[in-house]
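Okay, so here's the structure we're looking at.
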Amino acid sequence: SASPNPAAPSATTTLQVQVVDESDTGIGKKNIIFAVADNQSGATTLSHSATTDEAGWARTLHEVGPYEGTDQLYVVAPGGATSVMLPLVVTSQIARIGDISLAIEEEFPDLASLSATVRDELGDVVKNVTVNFSTTFGKIVPSYAVTDANGKAKTSVSSLTSGRAKVTATCGDRNDFVYVSFGNETNTFQNLNIFFDNNLYLPSEKNYLTARLDLVADASYLFFNEKMSLTAIIFNPDDQIQIGETVIFTLNDSTGGYLTSYAEILGPNGARTQYISGSVPGQAFIKAECGTLSEALNINIGSAQK
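In terms of this note's numbering, the sequence shown opens at residue 1269 and continues consecutively.
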């Protein structure tokens, strides 16, 4: 079972999610819920809510608990009868390690002072998280440190002999390293940028999985060579009429009938076509489709009373 890590106190990390439509344009004023499903870190707040800005971004702060482990969060975007849920993982030491700086104070024998800066996915510094240090050469003290208000954890490495050390800083599943040389070796170091990406894309209100299509006819029976009107209407998850999409009409007819139009663009009153019945008794099967939505009707021809 998990146990508290006294060197890793609770820390707050920023979570963000973007709601976009099919053209990748952000959608504002959408209510988003961040819900904790697997609370391994011992977080005390199990749900957050936020509203998307004009660019479609919703942000919240999640404070992980004092235990090492993974919090499993879900992003919930309410819409119609269906909610969209996507997994979002946050570790109790979530961070980006970057900007490890190196300062050599004197030549061999020497003490090299190092600091590791911890940043979250937005590039903001993270305080009160543990950074572990290790070296392939010499002695490093301390072997771990907690980040200060500037997101920095500090240590030092020393050696009484010439050589080259690879010093690694680790926080959660993120790490970075520098090389420290002692004696006649030439000192070199490098900074790595390790990005933690929490950008999630949610379907917009045009997502047809949460919309519906209604196909309405002005009659269920026709005599031979008669005409009737059919209207297809699409409602989005907010129960508003969708416009601008193309509806495809198909016909399976044993009577010799036909449609006056097989494709129409949705307007404020839907998409309309007309059916002309054939000259023999039977049935006409008419179907309207748009994206993943479809609806169909059976029309009796010449075999029932009006």
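Cβ coordinates follow ideal geometry from the N, Cα and C atoms, glycine included.
What residue does the beta strand (DSSP E) around residue i start on, and which one ends it?
{"i": "Gly-1550", "result": "1550 to 1558"}
{"i": "Phe-1517", "result": "1514 to 1521"}
{"i": "Ser-1426", "result": "1420 to 1427"}
{"i": "Glu-1532", "result": "1531 to 1533"}
{"i": "Val-1393", "result": "Where Val-1393 is concerned, there is no enclosing beta strand (DSSP E), given that its DSSP letter is neither H nor E."}
{"i": "Lys-1407", "result": "1407 to 1409"}
{"i": "Ile-1502", "result": "1495 to 1503"}
{"i": "Ser-1547", "result": "Taken as a continuous stretch (DSSP letters only), Ser-1547 belongs to no beta strand (DSSP E), as it is neither H nor E."}
Leaving out five residues before and five after residue i in sequence, what residues of the same chain have Cβ atoms less than 6 Å from its Cβ?
{"i": "Asp-1521", "result": "Ala-1552"}
{"i": "Thr-1518", "result": "Lys-1555"}
{"i": "Val-1287", "result": "Ile-1295, Lys-1298, Thr-1320, Gly-1324 and Leu-1470"}
{"i": "Lys-1407", "result": "Ser-1426"}
Can you tell me whether residue i sits near the ligand NAD, meaning its C-beta is under 7 Å from at least one heavy atom of the ligand?
{"i": "Val-1446", "result": "In the structure on display, the ligand NAD does not appear, and there are no ligands present to speak of."}
Does residue i pass the burial test, meaning 16 or more other C-beta atoms within 10 Å, or should it be called exposed?
{"i": "Tyr-1543", "result": "buried"}
{"i": "Leu-1354", "result": "Because the pLDDT of Leu-1354 is 41, which lies under 50, any placement of that residue in the model is unreliable, and the number read from its coordinates should be weighed accordingly. Per the 10 Å Cβ criterion, exposed."}
{"i": "Ser-1427", "result": "buried"}
{"i": "Gly-1391", "result": "exposed"}
{"i": "Gln-1510", "result": "buried"}
{"i": "Ala-1326", "result": "buried"}
{"i": "Ser-1488", "result": "exposed"}
{"i": "Val-1409", "result": "exposed"}
{"i": "Leu-1483", "result": "buried"}
{"i": "Leu-1329", "result": "exposed"}
{"i": "Asn-1537", "result": "exposed"}
Do you know whose CA, among the options, lies nearest residue i's CA?
{"i": "Arg-1387", "options": "Ala-1539, Asp-1292 and Arg-1442", "result": "Arg-1442"}
{"i": "Gly-1512", "options": "Gly-1535, Ala-1326 and Leu-1329", "result": "Gly-1535"}
{"i": "Ala-1437", "options": "Leu-1382, Ile-1509 and Glu-1331", "result": "Leu-1382"}
{"i": "Ser-1545", "options": "Leu-1527, Thr-1319 and Ile-1533", "result": "Leu-1527"}
{"i": "Phe-1602", "options": "Thr-1560, Asn-1400, Asp-1482 and Asn-1396", "result": "What is shown of the chain runs 1269 to 1574, which leaves residue 1602 out entirely."}
{"i": "Phe-1302", "options": "Cys-1439, Pro-1549 and Val-1285", "result": "Val-1285"}
{"i": "Leu-1498", "options": "Asn-1504, Ala-1318 and Asn-1566", "result": "Asn-1566"}
{"i": "Leu-1561", "options": "Ile-1516, Pro-1549 and Ala-1531", "result": "Ile-1516"}
{"i": "Thr-1403", "options": "Asp-1292, Gly-1550, Asp-1486 and Ser-1424", "result": "Ser-1424"}
{"i": "Leu-1481", "options": "His-1330, Gly-1525, Ala-1421 and Ala-1539", "result": "Ala-1539"}
{"i": "Ala-1384", "options": "Lys-1420, Phe-1492, Ile-1569 and Glu-1331", "result": "Lys-1420"}
{"i": "Tyr-1412", "options": "Val-1393, Phe-1405, Cys-1439 and Gly-1406", "result": "Cys-1439"}
{"i": "Asn-1568", "options": "Gly-1406, Asn-1307, Met-1496 and Ala-1318", "result": "Met-1496"}
{"i": "Thr-1429", "options": "Cys-1558, Phe-1405, Val-1394 and Asn-1504", "result": "Phe-1405"}
Ignore the nearest five residues each way along the sequence and tell me which others in residue i's own chain have a CB closer than 8 Å to its CB.
{"i": "Glu-1322", "result": "Gly-1294 and Gly-1296"}
{"i": "Ser-1317", "result": "Asn-1299, Ile-1300, Ile-1301, Phe-1302 and Thr-1328"}
Quick one: residues in its chain with C-beta nearer than 7 Å to the C-beta of residue i, no 5 flanking neighbours on either side, listed in chain order?
{"i": "Gly-1524", "result": "Gly-1546, Ser-1547 and Val-1548"}
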